[in-house]
Amino acid sequence: MSELPGDLLYTKDHEWLRREDDGSVTIGITDHAQGALGDLVYVELPEVGQDVEEAGEMAVVESVKAASDVYAPIGGSIVAVNEDLADDPEKINADPYGDGWIVRLLPADAIDEGTLLSPDNYQAVVDELDD
Amino acid sequence: MGSKTPLFDSHKAAGARIVDFGGWDMPLHYGSQKEEHHCVRQNAGMFDVSHMTIVDLSGDRVRAFLQYLLANDVARLEDYGKALYTCMLNADGGVIDDLIVYYLSDSDYRLIVNAATRDKDLAWIREQAEAYEVQVVERSELAMVAVQGPVARELAAPCIDAEHREAALALKPFYGLQAGDAFVARTGYTGEDGWEICVPAADAAALWDCLMAAGVSPCGLGARDTLRLEAAMNLYGSDMDETISPLAAGLNWTVAWQPEGRDFIGRTALETIRESGDRQRFVGLLLEDRGVLRDHQRVVVDGIGEGEITSGGFSPTMGKSIALARMPAGDYDRAQVDVRGKLLNVRIVKTPFVRNGQVQIDTQEKDQ
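Sequence order for the protein chains is A and B. Read in order, the letters of the first sequence correspond to residues 212 to 342 in our numbering. Read in order, the letters of the second sequence correspond to residues 2 to 369 in our numbering.
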């Protein structure tokens, strides 16, 4: 199991969030999630400018095996989507925390870190699943 | 924890992701399902299919028994070792299972049936066999490895007993032979050339290691499913089951109507369906929009009716999504599929999608 980037926040739904300098938040799925899904073949992205509610459906990632919803870990407005995923969804497999990012959104409210997981706490979630 | 095949430790050693499949702990993939898929289309891959059930039948009246039990006619098997694909039907014409039957001698046949249907298959076969005094012996002590791909036989040949190697290489498609302790058949479930090899459980790991050393890549059930979908080979439980007749699952070609006097289980029901004029279509779909077709999605044909995807997924060879679907009768070549509330465009295409490494359909054709 590869090490989790220490500068990210996580959710128990296997998503990660990175707070950018401009106040936006970049979101993707974790290495554990891409591993469980298998080779990705299609990503359905939201429109830029679209508002998403916390826990609402934000994107769909489809692997050879199955389709999986990506839920918005926080509410906000989509400011960017990773267009490269249209032709190369396997970027998520290859680099889930980098080139495989999915969306960037501008949070509607201040982020309540209490509802998100630190790297250590997320690692514990993954460890439990691997047992 | 499920049942384990004799190759379970070999899978773990090769880095398999293990999943439950019909009560068995089986490899889903060993890293990348897509790479395994391409390996079979372009080179050679191997699958542990030891979870499948091998049943040997023997007795003086075994041939008459199989002519009654199976919708295809074992009378078509004229040479020893010849194999036949067939459905085993219930009295309503529904499919209890699909299977391969091998003609080993006038009093010996071998069936290979699905893993998930093992219990009901054995119970059904035993029940029907009684009147024919046919002995039904499950060969659970045998393991089975499918080696598939354009160079599969060439790479696997050194792993076959030297004395029988030449004969194994000379096997024509859909023939098998006993090669020492192994039974080698030129069959498969991928649309590629290759062998399915049955060996005693104790020899399974050595065969696997030999194939690995020969350059054959281990492949999981994931790739097995995308390969068989591209080859448009039916999957029991998805494309047909006990409520679906072979006529509604694209398996008309496996039903032997001649001779008319042959009474097989389900025949009367099938004849009724045939005479009723019910002409459901079982077709291939090619997705023209972006997305992925999945099992059970609704297919809409404007002005005609609705059908359902029975097997859908992504074709690694074509880089597009494909599906098999049960559709209403009618003359049409386009439809739409309801994918999470959006209607996506599909074209009805002739199957198989892929055969012997080559895409069989024109994926570029657009609106005329």
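We put the CB at the ideal spot given by N, CA and C, even for glycine. All values derive from a computational prediction rather than experimental measurement.
(request) Could you list which residues in chain B have their beta carbon closer than 7 Å to that of A/VAL252, in chain order? (result) VAL293 and PHE315
(request) Output the distance between the C-alpha atoms of B/ASP368 and B/GLY342, rounded to the nearest integer angstrom. (result) Since pLDDT at B/ASP368 reaches only 45, below the 50 mark, its modelled position is unreliable, and no value is offered.
(request) Might you give, ordered along the chain, the residues of its own chain that have their beta carbon closer than 7 Å to the beta carbon of A/VAL290, omitting 5 neighbours on each side? (result) SER235, VAL259, ARG315, LEU316 and LEU317
(message) Taking a contact to mean a Cβ-Cβ separation below 7 Å, would you say B/ALA326 touches B/VAL355 in this structure?
(response) no
(request) Identify, in the order they occur along the chain, each residue of the same chain with its Cβ nearer than 8 Å to the Cβ of A/ASP176, setting aside the five sequence neighbours on each side. (result) Here chain A has residues from 212 to 342 only, and residue 176 of chain A is not among them.
(message) Taking only three categories from DSSP, how would you classify A/GLY246?
(response) helix
(message) So for B/ASP368, helix, strand or coil by DSSP?
(response) Caution is warranted here: a pLDDT of 45 is assigned to B/ASP368, below 50, making its placement in the model unreliable, and no coordinate value can be reported.
(message) I believe B/THR87 touches B/VAL102 by the beta-carbon criterion, under 8 Å. Please report the beta-carbon distance rounded to the nearest angstrom.
(response) 6 Å
(message) For A/SER279 and A/GLY249, I'd like the C-alpha separation in whole angstroms.
(response) 11 Å
(request) Taking only runs that begin and end inside the stretch 217-293 of chain B, name each unbroken alpha helix (DSSP H) of 4 or more residues, in chain order. (result) 222-231 and 268-276
(message) So if I threshold CB-CB distances at 7 Å, which residues from the stretch 273-284 of chain A count as touching chain B?
(response) GLU273, VAL275, LYS276 and ALA278
(request) Drop a sphere of 10 angstroms on the beta-carbon of B/SER106, count the other beta-carbons inside from all chains shown, and report buried for 16 or more, exposed for fewer. (result) exposed
(request) Using a Cβ cut-off of 7 Å, pull out every chain B residue sitting near A/GLY267, in sequence order please. (result) Going along chain B, no residue has its Cβ under 7 Å from A/GLY267, so there is no contact; the nearest lies around 14 Å.
(request) Run through the stretch 126-186 of chain B for me and flag every whole beta strand (DSSP E) of 3 or more residues, listed as ranges in chain order. (result) Runs found: 136-139, 143-149, 177-180 and 183-186.
(request) Determine the direct distance from the alpha carbon of B/SER322 to that of B/VAL347, and round the result to whole angstroms. (result) 10 Å
(request) Scan the stretch 305-325 of chain A for residues whose Cβ lies nearer than 9 Å to a Cβ of chain B and list them as they occur along the chain. (result) none
(request) Output the distance between the C-alpha atoms of A/GLU268 and A/ASP262, rounded to the nearest integer angstrom. (result) 11 Å
(request) For B/GLU36, name the three-state secondary structure that DSSP assigns. (result) The answer is helix: DSSP assigns B/GLU36 an H, G or I state.
(request) Report the three-state DSSP secondary structure of B/SER11 (helix, strand or coil). (result) helix
(request) Note down, in chain order, every chain B residue with its Cβ under 9 Å from the Cβ of A/GLY287. (result) By Cβ distance, chain B contributes nothing, its closest Cβ being about 22 Å from A/GLY287, past 9 Å.
(message) Out of A/LEU296, A/ILE285, A/ASN293 and A/ILE238, which one is the CA nearest neighbour of A/ILE321?
(response) In the sequence as presented, Ile is not what sits at residue 321 of chain A; that position holds Ala. Comparing Cα-Cα distances from A/ALA321 to each of A/LEU296, A/ILE285, A/ASN293 and A/ILE238, the minimum goes to A/ILE285.
(request) Classify B/TRP209 as buried or exposed, calling it buried when 16 or more other Cβ atoms lie within 10 Å of its own Cβ. (result) With 16 or more other Cβ atoms within 10 Å, it is buried.
(request) Per DSSP, which residues does A/ASP262 bridge with? Please list them. (result) A/SER288
(request) With a threshold of 16 other CB atoms inside 10 Å of the CB of B/SER312, please say whether the residue is buried or exposed. (result) Flag for B/SER312 reads buried.
(request) Compare the Cα-Cα distances from B/ARG62 to each of B/ILE55, B/PRO219, B/GLY24 and B/VAL75 and report the closest residue. (result) Out of B/ILE55, B/PRO219, B/GLY24 and B/VAL75, B/VAL75 has the C-alpha closest to the C-alpha of B/ARG62.
(message) I'd like to check one pair, B/ASP21 with B/GLY46: are the Cβ atoms closer than 7 Å?
(response) no
(message) Which of the three DSSP states is assigned to B/LYS121 in this structure?
(response) helix
(message) Let me see if you follow: with CB-CB separation under 7 Å, is A/GLY249 close to chain B or not?
(response) True, the Cβ-Cβ gap to chain B drops below 7 Å.
(message) Please confirm whether B/SER11 has its beta-carbon closer than 7 Å to some beta-carbon of chain A.
(response) no
(message) With a threshold of 7 Å between beta carbons, is B/GLN361 in contact with chain A?
(response) no
(request) Whole angstroms is fine: what's the gap from A/ILE238's alpha carbon to A/VAL336's? (result) 19 Å
(message) Quick check on B/SER42: does DSSP put it in helix, strand or coil?
(response) Correcting the residue type first, residue 42 of chain B is Arg in the shown sequence and not Ser. The answer is helix: DSSP assigns B/ARG42 an H, G or I state.
(request) Check A/PRO344 in the structure and name its three-state DSSP category. (result) Here chain A covers residues 212 to 342 and nothing more, so residue 344 of chain A does not appear.
(request) Please check if any C-beta of chain A sits within less than 7 Å of the C-beta of B/LYS343. (result) no
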